[in-house]
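In what follows, a single structure is set out as structure tokens and then discussed.
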Amino acid sequence: TGLGYRVIGGQVGLFRVEEAQRGDMMALHSPPKLTLRGYLLDPHGEAIAGATVYDSLSQQGSYSNRYGFFSLSREAGPMVLLLRAANYQPHRLALVMQRDSSITLTMQPRVAGAVQIDDSMAMAGEPLTLGLIQFPVERLEEVPTLLGEPDILKALALTPGVSLGIEGSSGLLVRGGTPDQNLIRLDGARLYNVTHLLGFVSAFNSDALQEVDLYKGQFPARYGERLASVLDLRMREGNSESFRGEAGIGLVSSQLSMEGPLGERSSFLATARSSYATLAAIPIGLAYRSGSPEPAFNYWLYDLTGKVNHRFRDGGRLFLSAYHGQDWFTTREGTFNGDEFLGRYNWINQAANLRYTRPLGQRWFWEAQAHYSRYAFQLVGDDRYFAGDSLLTDRLDSRHGVQDWSGRSTLDFYPGGGHRLQGGVQGDLHRFRPRDLRVQAGDLNAPISRTDTLIPARHLAAWLEDRWRWGRLELAVGMRMSLFQAPDSTFRSWEPRLHAAYALCPRWQVSASYGRVAQYESGHSWRPLFTSECGALAAAWGPGFGRGSDALATLAPDPGRLLPADRCPSALSPRIPRYRAAPTRGLAGAHRARRTGSRLWRRVYGTGRIPALFRLAGLHLVAQPVAVSR
43 TGLGYRVIGG
53 QVGLFRVEEA
63 QRGDMMALHS
73 PPKLTLRGYL
83 LDPHGEAIAG
93 ATVYDSLSQQ
103 GSYSNRYGFF
113 SLSREAGPMV
123 LLLRAANYQP
133 HRLALVMQRD
143 SSITLTMQPR
153 VAGAVQIDDS
163 MAMAGEPLTL
173 GLIQFPVERL
183 EEVPTLLGEP
193 DILKALALTP
203 GVSLGIEGSS
213 GLLVRGGTPD
223 QNLIRLDGAR
233 LYNVTHLLGF
243 VSAFNSDALQ
253 EVDLYKGQFP
263 ARYGERLASV
273 LDLRMREGNS
283 ESFRGEAGIG
293 LVSSQLSMEG
303 PLGERSSFLA
313 TARSSYATLA
323 AIPIGLAYRS
333 GSPEPAFNYW
343 LYDLTGKVNH
353 RFRDGGRLFL
363 SAYHGQDWFT
373 TREGTFNGDE
383 FLGRYNWINQ
393 AANLRYTRPL
403 GQRWFWEAQA
413 HYSRYAFQLV
423 GDDRYFAGDS
433 LLTDRLDSRH
443 GVQDWSGRST
453 LDFYPGGGHR
463 LQGGVQGDLH
473 RFRPRDLRVQ
483 AGDLNAPISR
493 TDTLIPARHL
503 AAWLEDRWRW
513 GRLELAVGMR
523 MSLFQAPDST
533 FRSWEPRLHA
543 AYALCPRWQV
553 SASYGRVAQY
563 ESGHSWRPLF
573 TSECGALAAA
583 WGPGFGRGSD
593 ALATLAPDPG
603 RLLPADRCPS
613 ALSPRIPRYR
623 AAPTRGLAGA
633 HRARRTGSRL
643 WRRVYGTGRI
653 PALFRLAGLH
663 LVAQPVAVSR
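Numbering (the numbering used here), first residue to last: 43 to 672.
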């Protein structure tokens, strides 16, 4: 109109504006861009991750990260927030944005039959991610398990694409891969052996778990290092409102947990679990000592978990968590006072994590972590025998394991417009001990003959990913670069990640994704790759159409095309058959295809170990492992 206004003494005066000044006046009076940041918590003060924060007026939305933090940018004015998270009641909140603000919101757990979700709130839901399973820990009690022990690994084995190597065991085979091709992290710290009782009980105490995420297809850019899957488990932070304790008695073990506040800004969680198989073995041991020819045995397992966190006044948070698990198995055979063989098996899992998080301004969130993890296995055999009047002992002591020291820094940026950018760097120091053999002959005081191999290695990685949501469409584009250095060898890999999803309606979507991952070490040999070997590098892509996490298509093996042997000279990476996409009918077809692939691999190569298969929720094409560029 060419008119401007100015408020003078409570009166509004109009005046003519020149054309050159008109654009400046429009910019001067446009609504300012403001940011609302905050945290989503449950009634006990636990963070709610993966929740949707959606403004129905501006149609802008955001997600909470694993610490419950979210950031939402829009113009000043009224807004109606719709909060939605799995296993929590949807919540609606109206407010007026006049400046940059911070808020802490509490969501109530969902009660069956008491929640009604209308269409507008359903559209605020987060689109499904191909290959991601988010298992509610509270549903573990509903899953039938061996000997009545709640087991998160056995529960995950009931989902599509995941199985157990031996019936009743807890070793996960994801998409046809092997247990050493799964990256398992507890509060960010890596664990190498996640089972007790020779594989029949998982090492995770369900009382200590808050979230369980299994990525079995498309990995976000922040994950790498393994081919088949990523199992990311987060421990509870402890009740910040009141003290609470629980105890449970099972057929295999008993457990105890305690949690509560430590002052106004801190809380703790402590759990313990122990078996009492030792009590059942006491009569057998007494009979053996009394001269019974039957062998005696003893078994004991336990694990301890602890976590402490503190909230600073500037919004920062400090977490310290630790895990320790151990198994002992001993056996005695022969005569108690004569010739006798004593065997002892012992393995230890240890992990510790120190983490600091803090919002930086209204749109930035920083996380820094330091991890330590250790796995050690020991087998000791004592052969006692008489030579004349002398009692002699031959001892064989075999050990192997790995130690890790890791550092990680991640920065999240919420620029608005439905974008969430995340970048980070990671560094790992490994100490592989594939063999430590100690032999003594005749006398335990005799000199020890020792063969020890210690291999250091370094791993560096950096990644950047942008996750963008616009209406019903969601895109995630990322890149990860990894570098692995072992003695006399260096491996590097560029790993692009791409995911797209479009919601046809609140419960149905079409998706497509592409990903590339690399693995530089093997849990079977407990050592990194050497120069003469090639790393396992796999790519997976495919469109998908699904409801929830149900797979509508799967793979059928094509034995006619093999990777040439000269492409991969390593014994650790044999020739891998290519796979062609073949639609099947539901989950029964997926199970048939997995059995067929296993039989084919055993017939061709004489072993039951089959390569990692990457199958997303839909139609899939799997590329075989090839050599990693150096």
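Note that the Cβ used here is the ideal one computed from N, Cα and C, for glycine as well.
Annotation for P457: the continuous beta strand (DSSP E) segment containing it runs S432 to G458. For the pair E279 and N395, the CB atoms are not nearer than the 9 Å cut-off. Looking from the CA of Y330, the closest CA among G376, G403 and G292 belongs to G376. With fewer than 16 other CB atoms across the displayed protein chains lying within 10 angstroms of its CB, I145 is exposed. In this structure, the alpha-carbon of D255 lies about 49 Å from that of T435. Taken in chain order, the complete beta strand (DSSP E) segments of 3 residues or longer contained in the stretch 248-280 are 251-257 and 271-277. In the three-state reduction of the DSSP assignment, A128 falls in the coil class, being assigned neither a helical nor a strand state. Taking 4 residues as the minimum length, the stretch 465-489 contains no alpha helix (DSSP H) run wholly inside it. Put simply, the backbone Cα of V243 is about 21 Å away from that of P202. Checking the DSSP bridge columns, you'll see T201 has no partner listed. As computed with DSSP, L502 is found in a beta bridge with G469 and L525. In the same chain as N247, and ignoring 5 residues on each side of it, the C-beta atoms closer than 7 Å to its own belong to Q297, T313, R315, D345 and T347, in chain order. Relative to V519, the option among A542, G513, I497 and F526 whose CA is nearest is A542. In this structure, the beta-carbon distance from R539 to L525 does not fall below 9 Å. Contact between A245 and N391 holds: CB atoms are separated by about 6 Å, below the 8 Å threshold. In the DSSP assignment, G348 falls within the unbroken beta strand (DSSP E) covering A338 to R353.
In this structure, DSSP gives E191 a state outside helix and strand, which the three-state scheme calls coil. In this structure, DSSP gives D369 an extended state, which the three-state scheme calls strand.
Residue environment for V138: exposed (fewer than 16 other C-beta atoms within 10 angstroms of its C-beta). Beta-bridge analysis with DSSP links K75 to E117.
The alpha-carbon separation between R276 and L228 amounts to approximately 6 Å. DSSP lists A338 and L384 as the beta-bridge partner residues of R374. Ranked by how close their Cα comes to the Cα of L360, the residues T399, V467, W389 and A560 have T399 in first place. Taking a cut-off of 8 Å for Cβ pairs, the stretch 257-266 and the stretch 397-412 do not touch, as fewer than three such pairs fall below it. Residue environment for S309: buried (at least 16 other C-beta atoms within 10 angstroms of its C-beta). Inter-segment contact for the stretch 430-446 and the stretch 473-485 is present: three or more beta-carbon pairs are separated by less than 8 Å. By the CB criterion at 9 Å, H472 and P489 fall outside the cutoff. Judged by pairs of C-beta atoms under 8 Å, the stretch 333-342 touches the stretch 366-373, as three or more such pairs exist. Using a Cβ-Cβ distance cut-off of 8 Å, the stretch 120-134 and the stretch 93-105 are in contact, since at least three pairs of beta carbons, one from each stretch, lie closer than that value. Each residue's CA atom was taken as its position, placing Q176 and E253 some 8 Å apart. Annotation: A136 is outside any alpha helix (DSSP H); the continuous beta strand (DSSP E) that includes it extends over H133 to M139. Residue state for A245 is assigned as coil, using DSSP reduced to three classes.
In summary, Q464 is buried, with 16 or more beta-carbon neighbours lying within 10 Å of its beta-carbon over all protein chains present.
Residue pairing by DSSP places V179 in no beta bridge whatsoever.
The continuous stretches of beta strand (DSSP E) do not include G327, which lies in the alpha helix (DSSP H) extending over residues A319 to R331. Contact check for F428 and D485: beta-carbon distance about 13 Å, past the 8 Å limit, so the pair fails to qualify.
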